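Asks: Provided herewith is a single structure, encoded as structure tokens, for subsequent inquiry.
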Amino acid sequence: MSSVVFFVAAIGVLAGAIGVVVLANPFYSVLALVAHLISLAALFLLLRAEFVAAAQVVVYAGAVMVLYVFVVAYVGGQDQPVRSSGPGLRLIAALFGAALLCELWIAVIGSSLKSLTEHGAPYTPGFGSPSQIGQLLLTRFLEPFEVASFLLLVAAVGAVILARRRRGLGDEDEERLPGFPAISVAEVLSGRVPTGSMAEAAGLGYEVGESAAGTRRQARGGW
Amino acid sequence: MLRSYLPAIVFIALGAVVGGTFGVLNAVLGPRRVIKHKTDPYECGLPSEVKRGFRFGISFYLMAMLFILFDIEVIFLYPIAVQLKAFGGFALGELIVFIALLTVALIYVWRRGALEWK
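Quick note, the sequences are listed as chains A and B, same order. Anchor point for the first sequence: position 37 equals 222 in the numbering used here, and the numbering is continuous, going up by one each time. Anchor point for the second sequence: position 33 equals 66 in the numbering used here, and the numbering is continuous, going up by one each time.
Given below as structure tokens:
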């Protein structure tokens, strides 16, 4: 029974991965990636990593794929098919593909083949459950856990800065952006933010109607 | 181990069979009368202004990105919450540090006006 599930999930994983590369329409590529990730979650479930399987579906197949869809929609869909252009790009692609293949073969020959005749790591009850993962996060992986929150902080700042830069090059506080965000902790705490709509929302004292403020905001290109 | 997931597997298989059966039956048995208006994306209302090369705004990307960040935060909270009784104040302190850093991110994003739809 479990080998049946394994083969169904493995075929799904491989078909999804091939579909991502082969399909010309980027939207279909994203859908193939969703199929790939859900099959991967089934494989995690077979390995008794239940929490990881659930997180795989919730975070990757759910949220990250939505992000990919938006990125594809932003970059533009069918009018610009993602076909390779130029011999140089092809050469580099082949080079990187070969390097990845070498790496995978080293991994397969080095470790995976040896475990074919064995039974694998022993299973202890509770393995893969949220409680055991929580215990590990609080003992052995405490620093990575805390660093992860810092990483998320950096990601949030980066996303906002990138989106601002991408949004309007004519933005008046654009020149302050490269380097570091032009906002200090004191400014944040006191609510005096020298940009965009928040300053307007706080009311910088010009007596304009709602519609006038709206058009001005649009003309400036937002945050 | 798979035995405990048997109901879920049966559920998924049954759902796939029922959905697939109706889809196939519809394609095989259903009448096909194509008229022009049926093939339009909108059957009523204003004609759509969206063209093929239409691009979404960057706002969608930003919202999705921020959603993922706080989604991951929630995923991290579950295992710690389960262990809260066993570890007590230590787990609580770690969690507070974790959330405080992300609160800084939230305040930054909020003060930058990125939570407002443009």
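Using N, Cα and C, we set each Cβ at its ideal position, and we do this for glycine too. As the structure is a computational prediction, the values presented were derived from the model and not from experiment.
(1) For a contact defined as C-beta to C-beta under 9 Å, what are the partners of E331(A) on chain B?
(2) Can you find at least 3 beta carbon pairs, one from the region 85 to 105 of chain B and one from the region 53 to 63 of chain B, that sit closer than 8 Å?
(3) Measure the alpha-carbon distance for V237(A) versus G313(A) and round it to whole angstroms.
(4) Please name the residues in the region 205 to 237 of chain A whose beta-carbon is closer than 9 Å to at least one beta-carbon of chain B, in chain order.
(5) List, in chain order, every chain A residue whose beta-carbon is nearer than 9 Å to that of F44(B).
(6) Along chain A, which residues have their Cβ under 7 Å away from the Cβ of L102(B)?
(7) Note down the Cα distance separating A147(B) from L338(A), rounded to an integer number of angstroms.
(8) Using C-beta distances below 6 Å, list every residue in its chain close to P40(B), excluding the 5 sequence neighbours before and after it, in chain order.
(9) Kindly indicate if chain A contains any beta-carbon less than 8 Å away from that of P112(B).
(10) Would I318(A) pass as an interface residue toward chain B - the criterion being a Cβ-Cβ separation below 8 Å?
(11) Quick one: is S187(A) buried, meaning 16 or more other Cβ sit within 10 Å of its Cβ, or exposed?
(12) Would DSSP call D73(B) helix, strand or coil?
(13) Could one say the Cβ of E106(B) lies closer than 8 Å to chain C's Cβ atoms, at least one of them?
(14) Would you say S252(A) reaches chain B, if we count a Cβ-Cβ gap shorter than 8 Å as a contact?
(15) Taking only beta-carbon atoms, is P363(A) less than 8 Å away from chain B?
(16) Helix or strand or just coil, what does DSSP make of M186(A)?
(17) Would I258(A) pass as a contact of F89(B) if the rule is Cβ separation under 8 Å?
(18) Indicate the three-state DSSP secondary structure (helix, strand or coil) for Y391(A) in the structure shown.
(19) In three-state terms, what does DSSP make of K151(B)?
(20) Counting only beta-carbon separations shorter than 8 Å, does V50(B) have a partner in chain A?
(21) Is it right to say F44(B) is buried, meaning 16 or more other beta carbons lie within 10 angstroms of its own, or is it exposed?
(22) Since A248(A) and A138(B) should fall inside the 8 Å C-beta cutoff, what is the C-beta to C-beta distance between them, to a whole number of angstroms?
(23) Mind pulling the alpha helix (DSSP H) runs of 4 or more residues that sit fully within the region 191 to 256 of chain A?
(24) Are the C-beta atoms of L95(B) and some chain A residue less than 8 Å apart?
(25) So, is the C-beta of L47(B) closer than 8 Å to a C-beta in chain A?
(26) DSSP three-state call for S314(A): helix, strand or coil?
Replies: To lay it out plainly:
(1) E127, V130, F131 and L134
(2) no
(3) 7 Å
(4) L230, L231, R233 and F236
(5) Those within 9 Å of F44(B) in chain A number zero; the least Cβ separation is about 14 Å.
(6) L337, A340 and A341
(7) 14 Å
(8) none
(9) yes
(10) yes
(11) exposed
(12) coil
(13) Of the protein chains in the structure, A and B, none is chain C.
(14) First, the amino acid is wrong: residue 252(A) is Leu here, not Ser. Answer yes: the Cβ-Cβ gap between L252(A) and chain B drops below 8 Å somewhere.
(15) With a pLDDT of only 44 at P363(A), under the threshold of 50, the placement of this residue in the model should not be trusted; the figure read from the coordinates follows. For P363(A), the answer is no, since every Cβ of chain B falls outside 8 Å of its Cβ.
(16) coil
(17) A small fix is needed here, since residue 258(A) is Ala in this sequence, not Ile. Yes. Within cutoff.
(18) Confidence at Y391(A) is low in this model, with a pLDDT of 38, below 50, so its placement is unreliable and no value can be given for it.
(19) coil
(20) no
(21) exposed
(22) No, A248(A) and A138(B) are not in contact; Cβ-Cβ is about 16 Å, not under 8 Å.
(23) 211 to 231 and 235 to 240
(24) yes
(25) no
(26) coil
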